[in-house]
Amino acid sequence: MKFIVTSIFIFCVPIAAFAGSSYTGKIKQVVCHVAETSPVCQVMPSGSVLNETCGTSGWKYTFDGTTAEGKNILSILLAAQVSQKTIVLGGLGRCTFGSTTEDLRHAYITE
């Protein structure tokens, strides 16, 4: 019995650790700050976010815009916003860049 409980714990905790919010829709706003202020960029979706964790402000997602990954995400966000395409965003379930905005895990354009 201990083995079963331990196995469930081992396999379920890593899955829960990656559980973050998700959003499908349009982008309302994107803002990036100068490096002297903060290296982060923030995203404000046009609609409701599912499974919201710590992203309780209007700026639901945050990412580091100075990294290669952050620059890629920023280009995807801007392309979606300018073209008014639907985008899917996923959060990491943690707020390390700000206490009320969730760290962005991924972004992709769906149409």
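Under the numbering used here, residue 698 is the last one in the sequence shown; the count climbs by one each step, no gaps.
Ideal Cβ placement from N, Cα and C applies to all residues, glycine included.
(message) Can you give me the C-alpha to C-alpha distance between V618 and P632, rounded to a whole angstrom?
(response) 12 Å
(message) Taking 8 Å as the limit between beta carbons, can you name the residues of its chain near E689, skipping five residues before and five after?
(response) G607, S608, E639, T640, C641, G642, K647, Y648, T649, G678, L679, G680, R681, C682
(request) Identify the continuous alpha helix (DSSP H) that holds G652 and give its terminal residues. (result) No alpha helix (DSSP H) holds G652; DSSP gives it neither H nor E.
(request) Report all residues from its chain with a CB closer than 8 Å to the CB of L637; omit the five preceding and five following residues, and keep chain order. (result) S608, S609, Y610
(message) DSSP three-state label for A622, please.
(response) coil
(message) I need the DSSP call for A666, collapsed to helix, strand or coil.
(response) helix
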